[in-house]
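Visitor: This is the structure I want to talk about, given as structure tokens.
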Amino acid sequence: MIDNYLLEYLVAFAQTGTIAGAAEQLNITQPTVSRGLKKLETLLDVKLFDRQPQKLSLTATGKFTAQRARILLQQQHDFKKAVQHFASKNDYLRIAGTIPGPLLLLENIIERLDNQLVIETKIILPNNIESLLHNHNYALIFSAHEIQNADIESRFIGMEKLAIKITKFNPLYHRTTVNFNDLNGHEFVLSDNIGEWRKIIKQYISNAQFLYQAQPEALRELVHYSNFPIFKTNITNYLDERLAIVDRKRKFIPINDPHSAIELYATYLKNDRQKVTPLISEMTKILTQISD
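Here you go:
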């Protein structure tokens, strides 16, 4: 049986190229690393290192062993995390999304639900949905994609529709609706945490400029003190009304375009269906009201 710490020494040496570098990375002494690497070589009964005066390097076998050690350590890390996440699902539900709207809505209706929720604010990538569910990182993921397979299912919960808010200084101010083509040439300020909406606006408003803001407080200040157009959706507009957030400078104008609305799905493991159904039902009820 080979202890993990020996594999960690080898991986650190492969990454840094020196005993000193590995010791610094691991925050241990150089003699400790040196003894550990010799012990690993003895346990494996193969030559891992080419020893020259004042120089230690990995042999081809050593490089292969370091690669396998890195994979094994990552697998063990993933295994531990998956077990911990699975165990925690009995106490609370972890929720994530590839778009922010449903997560923002969920944050504001938590008091209506019996579940203890942990909502991930950082948007995840659509390609990671299945692996994140299988590894029990999350019990429920909101996205614009339907997944139906042996282990996972999606439920349609409603539509999210894009709109703009603009001041009276904008030439579109007197319009009742706009399309994506109308927005070309304009300069928008917006959050950089908008998930799948980023691809849509980049594709269909390709000649607009987007000033992405990483910090929510900076974005709020910029919106408050400037006349930049901003994006809203039926979800964020509903939340503004619910929270009595008033923007007296800007007018809400829907975007009437074939690509300005996306279908929203709640995706989960079939084994978790009973746990997540009450939450999904509440979300669907609200989205049905605000999507009309």
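The sequence shown begins at 2 in this note's numbering and counts up one residue at a time.
Cβ coordinates follow ideal geometry from the N, Cα and C atoms, glycine included.
Only a predicted model underlies this, so the values are computations on that prediction, with no experimental measurement involved.
#1: Kindly identify the DSSP beta-bridge partner or partners of residue 234.
#2: Assign residue 51 to one of three DSSP states: helix, strand, or coil.
#3: Run through DSSP, which three-state label would residue 147 get?
#4: Going by other Cβ atoms of all chains shown within 10 Å of its Cβ, with 16 needed for buried, is residue 137 buried or exposed?
#5: Give the DSSP-derived three-state secondary structure of residue 250 in the structure shown.
#6: Between residue 120 and the rest of its own chain, which residues show a CB-CB distance below 7 Å, the 5 nearest in sequence each way excluded?
#7: Give the straight-line distance between the Cα atoms of residue 206 and residue 166, rounded to the nearest whole angstrom.
#8: Could you tell me which residues DSSP pairs with residue 262 in its beta bridges?
#9: Measure from the alpha carbon of residue 232 to the alpha carbon of each residue in 262, 245, 244, 243, then state which is nearest.
#10: So is residue 268 buried or exposed if we call it buried at 16+ other beta carbons inside 10 Å?
#11: If we ignore side chains and look at the alpha-carbon of each, how far apart do residue 200 and residue 162 end up?
#12: May I ask you to verify whether the region 276–292 touches the region 174–194, counting CB pairs closer than 8 Å and requiring at least 3?
#13: What three-state label does DSSP hand residue 197 in the structure shown?
#14: Any idea if residue 245 is buried or exposed, counting beta-carbon neighbours within 10 angstroms, 16 or more meaning buried?
#15: Judging by CA-CA distance, which residue of 125, 139, 16, 29 is the nearest neighbour of residue 83?
#16: Is there contact between the region 4–11 and the region 25–37, where contact requires at least three CB pairs shorter than 8 Å?
#17: Determine the contact status of residue 57 and residue 50, defining contact as a CB-CB distance below 8 Å.
#18: Answer with buried or exposed for residue 195, where buried requires no fewer than 16 other C-beta atoms within 10 angstroms of its C-beta.
#19: If I follow the unbroken alpha helix (DSSP H) through residue 224, where does it start and stop?
#20: Please state if the CB of residue 143 and the CB of residue 100 are separated by a distance shorter than 8 Å.
#21: Give me whichever residues DSSP pairs with residue 1 in a beta bridge.
#22: When the Cα atoms are used, what is the spatial distance from residue 218 to residue 4?
#23: Please go through the same chain and pick out, in chain order, the residues whose beta-carbon is closer than 6 Å to the beta-carbon of residue 14, but skip the five residues on each side of it.
#24: Measuring straight from C-alpha to C-alpha, what distance separates residue 241 and residue 248?
Guide: On the basis of the coordinates in this document:
#1: 163
#2: Correct three-state label for residue 51: strand.
#3: coil
#4: buried
#5: coil
#6: 96, 104, 107, 108
#7: 16 Å
#8: 162
#9: 262
#10: Burial state of residue 268 is buried, judged by a 10 Å Cβ sphere holding 16 or more other Cβ atoms.
#11: 15 Å
#12: no
#13: helix
#14: Exposed, since its Cβ has fewer than 16 Cβ neighbours within 10 Å.
#15: 139
#16: The region 4–11, when compared against the region 25–37, does touch it at the 8 Å Cβ threshold.
#17: yes
#18: Buried, by the Cβ-count rule.
#19: First-last of the alpha helix (DSSP H) with residue 224: 217–226.
#20: yes
#21: This structure cannot speak to residue 1, because the chain is shown only from 2 to 293.
#22: 47 Å
#23: 23
#24: 9 Å
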